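Chains as they are written, first to last, in my numbering: chain D, 19 to 165; chain C, 19 to 165.
The beta carbon of each residue, even a glycine, is placed where N, CA and C say it ideally should be.
These figures come from a predicted structure and were not determined experimentally.
Protein chains: 2
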Amino acid sequence: MNFDPRLLKDCEVIGKFKLCYVLLMRDANYPWCILVPDREGMTEVFDLSGDDQHQLNTESYALLEYLKKEFNADKMNVAALGNVVAQLHIHHIVRYKTDIAWPAPVWGAFPAKAYSQVELDQRINRLVKGFSTLNLDFHVTQEPSDR
Amino acid sequence: MNFDPRLLKDCEVIGKFKLCYVLLMRDANYPWCILVPDREGMTEVFDLSGDDQHQLNTESYALLEYLKKEFNADKMNVAALGNVVAQLHIHHIVRYKTDIAWPAPVWGAFPAKAYSQVELDQRINRLVKGFSTLNLDFHVTQEPSDR
């Protein structure tokens, strides 16, 4: 899978569900995951085949529900924008009434806040453990030592 | 169906597909439609039943594809945020590389630009005609004279 370099610059690739890679945005302001369908040349959700659309929705809804519960979100934000990075990717963002940008959308609101290496490893390990319970064929694609 | 009053303040209710009402945002900066599932008390897409999730996706993807083609969009933006208006609603926004906010997301970027009454009627009539071709049981819920 060829990722747009800007996705790799801003995110950690955690692993893959049946259809989509799941990435963690390197922004400690919000638990923020991105799904990237493992299909080349897609820019809109409706570019996917019917089966892939169905699978994307299954993975997206399960991810939203998991993140909301795991992180006690006040609200989930989900969006496919792609104005800057055209490669199809779908944001899944945990929002709190106390977060830095609330109630505004997160894009462009504040600069990303860096995770410490310990925080990042903890966050990824927590997600890996959770994703493995979702019945979506999750597997890790990069060992932590490869990051 | 009880709409959040802020949706009615900012939007025209155009009609209804099988599951969702379709609204036009009163912002002439972008062709911008909103789907509101005809279900009370929903705030997240995963609050919907499995059948309703499937129907929402059918309507959302068809709407995106129609809007992209009809308005020659450079990119479609689709999002469920709900930080301000909790009632479940999904934005479908036509974006151009030449629009006022590009490439930023539209929310909070610029004040809404008013449609003239003539422009608004033309825009709604065009959408009504298009929606009727989508095989989604579209029907108008308010005659123009009732608006």
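Check                                                                                                                     : Outcome
Minimum Cβ-Cβ distance from Phe89 of chain C to chain D less than 8 Å                                                     : no
Contacting positions in the segment 100 to 126 of chain D - beta carbon closer than 7 Å to chain C                        : Gly100, Asn101, Val102, Arg113, Trp120, Pro121, Ala122, Pro123, Trp125 and Gly126
Ser163 of chain D versus Val63 of chain D: straight-line alpha-carbon distance, rounded                                   : Low confidence applies here, because Ser163 of chain D scores a pLDDT of 49, under 50, leaving its location unreliable; read the following figure in that light. Cα to Cα, Ser163 of chain D sits roughly 33 Å from Val63 of chain D.
Same chain, Cβ closer than 7 Å to Leu66 of chain D, neighbours up to 5 away in sequence not counted                       : Pro55, Arg57, Met60 and Leu74
Boundaries (first-last residue) of the alpha helix (DSSP H) holding Val124 of chain C                                     : From DSSP, Val124 of chain C is part of no alpha helix (DSSP H); its letter is neither H nor E.
Neighbour-count burial assignment, Asn143 of chain D, 16 or more Cβ in a 10 Å radius                                      : exposed
Residues near Leu25 of chain C in its chain [Cβ-Cβ closer than 8 Å; skip 5 each side]                                     : Leu41, Ile52, Val54, Val103, Gln105 and His107
Residues within the segment 62 to 81 of chain D neighbouring chain C, beta-carbon criterion of under 7 Å                  : Glu62, Val63, Phe64, Gln71, Asn75 and Tyr79
Proximity below 8 Å, CB of His110 of chain C to CB of Val96 of chain C                                                    : yes
Cutoff 8 Å: Asn143 of chain C Cβ touching any chain D Cβ                                                                  : no
Beta-ladder partner(s) of Glu88 of chain D, from DSSP                                                                     : In the DSSP output, where bridge partners are listed per residue, Glu88 of chain D has none listed.
Rounded separation between Leu85 of chain C and Met19 of chain D - CA only                                                : 29 Å
Supposed close pair Tyr133 of chain C, Ala80 of chain C - CB separation, criterion 8 Å                                    : About 24 Å; that fails the 8 Å criterion.
Element boundaries [beta strand (DSSP E), containing Leu237 of chain D]                                                   : As shown, chain D starts at 19 and ends at 165. That puts residue 237 of chain D outside it, with no answer to give.
Secondary structure of Asn95 of chain D, DSSP reduced to three states                                                     : strand
DSSP three-state assignment for Leu66 of chain C, whether helix, strand or coil                                           : coil
Own chain partners of Phe21 of chain C with C-beta closer than 6 Å, once the 5 adjacent residues on each side are dropped : none
Proximal residues of chain D, C-beta to C-beta of Glu30 of chain C below 8 Å                                              : Per Cβ cutoff of 8 Å: no residues; Glu30 of chain C is ~23 Å from chain D at best.
Min CB distance Met19 of chain C to chain D below 8 Å                                                                     : no
Beta-carbon proximity check, Leu145 of chain D vs Lys36 of chain D, cutoff 8 Å                                            : no
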